[in-house]
Amino acid sequence: MTDLAIEATGLTKSFGKTKALAGVDLEARTGSVLGVLGPNGAGKTTAVRILATLLRADAGTAMVNGFDVRAQPDKVRASIGLTGQFASVDDDLTGTQNLVMIGQLLDLPKKAARARAAELLEWFDLTEAASKQAKNYSGGMRRRLDLAASLVGRPSVIFLDEPTTGLDPAKREDMWDVVRRLVSDGSTVLLTTQYLEEADALADEITVIDHGTVIAHDTPHGLKRVVGGQRLTVHPVDLARYGDLVTVLSAVPQTEGREPETDGRGSVTIGVDGDEVLPDVVARLRAAGIVVDELSLHLPSLDEVFFTLTGTRSGESHAPEEILS
Amino acid sequence: MKKRFNPRHALVLAKRNVVKMVRTPEQFIDVTLQPIIFLLLFTYVFGGALAGGSQHDYLEFLLPGVLAQTIAMTSINIGQNMNADIAKGVFDRFRSLPIARSVPLVGAVLADFSRYAILCVMTLGFGYALGFRIDTDPLKLLAALGLAICFALSFAWVSVFVGMTVRSAGAVQGVMFLLVLPLTFGSNTFVRTSTMPGWLQAFVNVNPLSHLVSASRGLMLGGPVGAQIGWTFASCAGLLVVFFPLALRAYIRRA
Chain A
68 MTDLAIEATG
78 LTKSFGKTKA
88 LAGVDLEART
98 GSVLGVLGPN
108 GAGKTTAVRI
118 LATLLRADAG
128 TAMVNGFDVR
138 AQPDKVRASI
148 GLTGQFASVD
158 DDLTGTQNLV
168 MIGQLLDLPK
178 KAARARAAEL
188 LEWFDLTEAA
198 SKQAKNYSGG
208 MRRRLDLAAS
218 LVGRPSVIFL
228 DEPTTGLDPA
238 KREDMWDVVR
248 RLVSDGSTVL
258 LTTQYLEEAD
268 ALADEITVID
278 HGTVIAHDTP
288 HGLKRVVGGQ
298 RLTVHPVDLA
308 RYGDLVTVLS
318 AVPQTEGREP
328 ETDGRGSVTI
338 GVDGDEVLPD
348 VVARLRAAGI
358 VVDELSLHLP
368 SLDEVFFTLT
378 GTRSGESHAP
388 EEILS
Chain B
16 MKKRFNPRHA
26 LVLAKRNVVK
36 MVRTPEQFID
46 VTLQPIIFLL
56 LFTYVFGGAL
66 AGGSQHDYLE
76 FLLPGVLAQT
86 IAMTSINIGQ
96 NMNADIAKGV
106 FDRFRSLPIA
116 RSVPLVGAVL
126 ADFSRYAILC
136 VMTLGFGYAL
146 GFRIDTDPLK
156 LLAALGLAIC
166 FALSFAWVSV
176 FVGMTVRSAG
186 AVQGVMFLLV
196 LPLTFGSNTF
206 VRTSTMPGWL
216 QAFVNVNPLS
226 HLVSASRGLM
236 LGGPVGAQIG
246 WTFASCAGLL
256 VVFFPLALRA
266 YIRRA
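Residue numbers (the working numbering), protein chains in the order written: chain A, 68 to 392; chain B, 16 to 270.
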């Protein structure tokens, strides 16, 4: 066995005329987190479904835990857990019934299935809701139950397809803690997400895909270096000072060589290389007499990552001129 | 390399389906109220005109037929449920588990056993209240019910196949109704085959439902039944051989 828990090469998949995957390679070392970053429709879910044996690729090979997803699907299924984008829990069953059912399908004796269910419900803070039907759960609770269901068999590879989409920020942090715990227990996690912030927080390596192809693969650090680390966004109160603002920001040493970008409402966003840029920026703005009502330092959004990597915006793929006009 | 079918897995999923049924009791309307309505309507609307004016005689003739008819109608439910289940994504979970592909389907059909048992009890119980009496013995009655349930569990695969094939639960009902209506009325359920035109007799005589009706009529009221039981089992086998693989294939394809 290699030290790769997930190894996919040249995966392609078409649905009718739509090409969902056009040759995707993915690799995750055992015990690591691979973040698969991309916008809606990039092919993330299709890739996960192929790796989890729910779909067959048109071409390409994929090994999970050393087993071929095409030739040995049952070996793969016995060692993976899948949490889809849409929680696949049974609404009419209680939390306990959902988990015990999965345990029994995994050949646990009834007693062991019950014990495992109770353990997972406790871990995911669902003990109180254990005997309530899942249809009465909140969105966050359903997600947690779904994740718990995928962990019943103690899988060594776990696929999380956009596990935090639609969750509020506090719940998102909880989910991140779960992922960290899974990894500290030795599991390999493949996580798809639309947020660079999430991939940055969790992943050891990030693969960026768009339109069914890989457009970048790097560590979070490496990826951020490519896309310019932090972003500084400033919005002037007086839009007439826009030109001055660009001049001031371009003069900051940490923005050297970066192109300022603008959005439709007069904000200027520019990549910065150091962390300690804010005091200097504030001082320069004051010196120039520019009053601002927004000043923020943040990681690039997915959109900005794509803009840097491909020169086009994600999703609609507008040319930049189109956005400005 | 395929995972072998494990009957215990099917029972686990059958239990899931039974729990779901109990949680939504309106799903039992077709196996409780439906036979009552059919028995009342057909006995008292047609009985006076058809069996020499004796509603009681007509009830004796009709009841084994209504049992077969309600079985066919009741099968619509499983296809609808499975179609809805697939739409909700629960089956994604089953697909990602190391169990045989057929397990979720077999589990659902096994769970329907409970519905058909209720259907038999309701039809006979209400028929008894209206005055229906068997002319044979309780063992033959049990044999008739066993045969009916056996047919029901085979015919259910037609519905499962339709449920896996069409896009919505509503469409399952539409398609199944088109199938079930000619099968139930184009049979010897309501009148003797000899009263029908030749072309229709030809259809009625090959209709598997007619064999089931003849067999259960014989088992409940007396008369030779061997050949009809044989034909009924042959129909069950035919339905299984054709529709089980079709349903399974449709399920696997529907990713």
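Glycine included, each C-beta is placed from N, C-alpha and C at the ideal position.
Note that the structure is a prediction, hence the values are computed from the model and not measured.
- The residue among B:Met88, B:Ala87, B:Val118, B:Leu145 with its C-alpha nearest the C-alpha of Asp72 of chain B is B:Leu145.
- DSSP, read as helix, strand or coil, puts Arg96 of chain A in strand.
- Interface with chain B (8 Å Cβ-Cβ cutoff): Ser254 of chain A is excluded.
- Here Val281 of chain A carries a strand assignment [DSSP, helix/strand/coil].
- Residues of chain B whose Cβ lies closer than 8 Å to the Cβ of Thr120 of chain A are, in chain order, Arg110, Ser111.
- In this structure, Gly102 of chain A lies away from Thr232 of chain A, with their beta-carbon atoms at least 8 Å apart.
- Fewer than three Cβ pairs drawn from the stretch 207-222 of chain B and the stretch 171-185 of chain B lie within less than 8 Å of each other, which leaves the two stretches out of contact.
- Annotation: Ile73 of chain A to Leu88 of chain A spans about 17 Å, alpha carbon to alpha carbon.
- At least 8 Å separates the CB of Ile44 of chain B from every CB of chain A.
- For Ser146 of chain A, the closest C-alpha among the options A:Pro287, A:Asp70, A:Phe134, A:Ser155 is that of A:Phe134.
- With a contact defined as Cβ atoms closer than 8 Å, Ser111 of chain B and Thr120 of chain A qualify at about 7 Å.
- The alpha carbon of Gln84 of chain B has as its nearest neighbour, out of B:Arg268, B:Phe259, B:Ala64, B:Ile164, the alpha carbon of B:Ile164.
- Excluding sequence positions up to five before and after Leu362 of chain A, its CB lies within less than 7 Å of the CB of Val301, all in the same chain and listed in chain order.
- Residues of the stretch 113-128 of chain B with a Cβ closer than 7 Å to any Cβ of chain A, in chain order: Pro113, Ile114.
- With respect to the 8 Å criterion, Asp360 of chain A and Val319 of chain A are not classified as neighbours on the basis of their beta carbons.
- Here the stretch 219-230 of chain B does not lie against the stretch 136-144 of chain B, with fewer than 3 beta-carbon pairs under 8 Å apart.
- When C-beta distances to chain B are compared with 8 Å, the residues of the stretch 189-208 of chain A below that value are Gln200, in chain order.
- Apart from sequence neighbours up to five positions away, the residues of its chain that approach Asp125 of chain A with a beta-carbon distance below 7 Å are Thr79, Lys80, Ser81, ordered along the chain.
- By DSSP's assignment, Arg298 of chain A forms a beta bridge with A:Gly338, A:His365.
- Classified as exposed, Lys202 of chain A has fewer than 16 neighbouring CB atoms from the shown chains inside 10 Å of its CB.
- The three-state secondary structure of Met137 of chain B, taken from DSSP, is helix.
- Neighbours of Val105 of chain B in chain A, taken as residues at a C-beta separation under 9 Å, are given in chain order as Ser155, Val156, Asp157, Asp158.
- Runs of the alpha helix (DSSP H) spanning 4 or more residues and lying entirely within the stretch 149-221 of chain A occur at 162-172, 177-190, 206-218, in chain order.
- With the criterion set as a beta carbon lying under 7 Å from some beta carbon of chain B, the stretch 290-319 of chain A has no members that meet it.
- Less than 8 Å separates the beta-carbon of Asp159 of chain A from that of Lys35 of chain B.
- Collapsing the DSSP output to three states places Pro287 of chain A in a helix.
- With its beta carbon less than 8 Å from one in chain A, Thr39 of chain B belongs to the interface.
- The C-beta of Arg31 of chain B comes closer than 8 Å to at least one C-beta of chain A.
- Within chain A, no residue has its CB atom less than 9 Å from the CB of His71 of chain B, the nearest being about 43 Å off.
- Pairing Leu255 of chain B with Ser117 of chain B gives a Cβ-Cβ distance that is not under 8 Å.
- Per the C-alpha coordinates, the member of A:Leu218, A:Ala95, A:Ala182, A:Glu186 positioned closest to Arg108 of chain B is A:Leu218.
- With fewer than 16 other Cβ atoms from the protein chains shown falling within 10 Å of its own Cβ, Lys178 of chain A counts as exposed.
- Note that the C-beta distance between Val27 of chain B and Met168 of chain A is below 8 Å.
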